[in-house]
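Just so you know, we're using the numbering used here here: the sequence shown kicks off at 71 and counts up by one. Idealized CB from N, CA, C, for every residue including glycine. Note that this is a predicted model, so its numbers are computed, not measured. Structure first, then comments.
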Amino acid sequence: MSKIGIALGGGGARGLAHIGVLRVLERHKVPLDCIAGTSMGAIVGACYAVEPNVEAVEQRLNRAMSSPLFSKMKFDYLKETKPESKKSFLRKAQEFVKNGYLLFVEKTQDALLDLEVMEQVLSILLPDIKISQTKVPFTCVATDLTEGKKKIFTEGSLRKCVLASASIPGVFPPVKIDGVYYSDGGAVSSTPVDAAQRMGAGFIIASDVKGKIVRCDKPEKASEIMSRCNYITGMLLNEVQLQNASVVISPDVKYFHWTDFDRIGLLVQKGEDAAQHKILEIKAKTKYRTLREKLLGLFGLGKVRQSSAGGIDV
């Protein structure tokens with residue numbers, strides 16, 4: 071049977087559900103030959119590719135996100151609040167100041183937050199190695215702002231590649247690598263099934279945390295209408311990409327905000343629940359491969375890491 075790959079999609083904190091998906095696959099001994107990730111999927115995927123042990127990955131992420139360093143990124147500042155009718159006068163005043171500040175940043179700066187703290191967090195999560203040196207072959211996707219292309223990283227610094235893939239536009243500034251500016255990969259490949267295909271995977275498990283398009287009453291403001299149109303475009307593009315996956319796992323995370331990093335336990339459980347519903351289908355479709363892995367194990371033969379070619383521009 072051909073290689074088994076997994077594509078871990080972007081979605082901010084919702085991407086922590088990937089940990090639960092990986093836990094179920096690990097528990098049922100589904101072998102993964104390659105991992106492709108976008109944004110938060112790149113962070114989780116890189117952690118697992120470096121150390122293919124779900125418990126270790128969850129502990130590392132939990133520790134990093136509960137640290138004073140992580141709190142410096144002030145993601146809570148970007149959380150949505152209660153509907154207007156339910157806000158107190160004080161809350162409305164705070165919202166007025168907050169929106170004024172965000173508008174000021176939008177007009178005068180390239181991003182709300184600095185990359186330095188994110189770089190420090192990634193230095194805790196990931197070793198200083200090349201992307202080609204992970205235990206499980208790994209790639210991640212970013213948006214090439216310079217040439218207007220999709221970038222599938224297979225060479226270069228692991229930390230730098232993941233940083234580029236997870237650099238949310240407007241929140242973090244673009245990442246410069248070899249003279250090219252990159253931003254979050256979600257703009258071009260929210261769930262990177264195609265990247266897993268390019269790594270040689272014939273059977274691809276997609277972990278999609280974007281879900282289905284959520285119905286919305288008529289947007290009132292120009293900014294809301296533009297945001298809604300961008301949202302629909304991204305969701306429809308993601309649906310097209312998911313059509314090439316062998317199995318799609320969709321954790322129910324629609325009621326979580328993308329900044330809910332403090333709810334990691336619940337998000338991981340959502341991923342585990344969704345994967346559990348698909349595990350019989352996955353095992354049935356990969357049973358011959360799983361049997362082969364067991365036989366190799368009896369003879370003391372493990373999986374050999376296959377090296378990748380250079381980066382791919384699409």
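Going straight from the alpha carbon of residue i to that of residue j, what length do you get?
i: ALA134; j: ALA126; result: 12 Å
i: CYS286; j: LEU312; result: 23 Å
i: ILE113; j: SER136; result: 16 Å
i: LYS205; j: SER259; result: 24 Å
i: GLY80; j: LYS73; result: 23 Å
i: GLY90; j: ILE274; result: 17 Å
i: ALA163; j: GLU189; result: Low local confidence applies: a pLDDT of 38 at ALA163 is under 50, so the model's placement there is unreliable, with the coordinate-based value given in what follows. Spanning the two alpha carbons is a distance of roughly 33 Å.
i: SER109; j: ALA77; result: 11 Å
i: GLY218; j: ILE247; result: 15 Å
i: THR356; j: ARG93; result: 17 Å
i: ARG97; j: VAL310; result: 30 Å
i: LEU192; j: ARG229; result: 6 Å
i: LEU336; j: SER141; result: 19 Å
i: VAL124; j: GLY341; result: 12 Å
i: GLN129; j: ILE352; result: 26 Å
Return helix, strand or coil for residue i, following the three-state DSSP convention.
i: ALA276; result: strand
i: ILE302; result: helix
i: ALA212; result: strand
i: SER320; result: coil
i: SER141; result: helix
i: ILE89; result: helix
i: VAL374; result: Any reading at VAL374 needs caution, since the residue's pLDDT is 42, under 50, leaving its predicted position unreliable; the model's value is listed next. In this structure, VAL374 counts as coil in the three-state DSSP scheme.
i: LEU160; result: Because LEU160 sits at a pLDDT of 43, beneath the cut-off of 50, its placement in the model cannot be relied upon, and the following sentence gives the value as read from the coordinates. DSSP places LEU160 in helix when its eight states are reduced to three.
i: ILE113; result: helix
i: SER260; result: coil
i: LYS168; result: Confidence at LYS168 is low in this model, with a pLDDT of 45, below 50, so the placement of that residue should be treated as unreliable; the coordinate-derived value is given next. Three-state DSSP puts LYS168 in a helix.
i: SER297; result: helix
Would you list the one or two residues that DSSP bridges to residue i?
i: GLY75; result: CYS104, ILE274
i: ALA119; result: DSSP output for ALA119 lists no bridge partner at all.
i: ILE54; result: Since the displayed the chain opens at 71 and closes at 384, residue 54 lies outside it and no answer follows.
i: LYS219; result: ASP214
i: SER136; result: SER136 is not bridged to any residue.
Of the residues the options, which one's Cα is nearest the Cα of residue i?
i: PRO138; options: PRO262, VAL187, ILE295, TYR251; result: VAL187
i: GLN346; options: ARG229, ALA116, HIS327, VAL317; result: VAL317
i: VAL241; options: ARG229, ASP254, TYR358; result: ASP254
i: MET305; options: ALA212, GLU351, ILE295, VAL279; result: VAL279
i: LEU215; options: ASP198, ILE238, GLN203, ILE201; result: ILE238
i: ILE319; options: TYR251, LEU183, GLY281; result: GLY281
i: ASN132; options: TYR252, VAL100, ILE222, LEU86; result: LEU86
Task: Within the region 230–254, ranges of the beta strand (DSSP E) (whole runs, at least 3 residues) - done: 245–247, 250–254
Task: Any alpha helix (DSSP H) of 4 or more consecutive residues that is wholly inside the region 324–364 - done: DSSP runs (the alpha helix (DSSP H)) wholly in the region 324–364: none.
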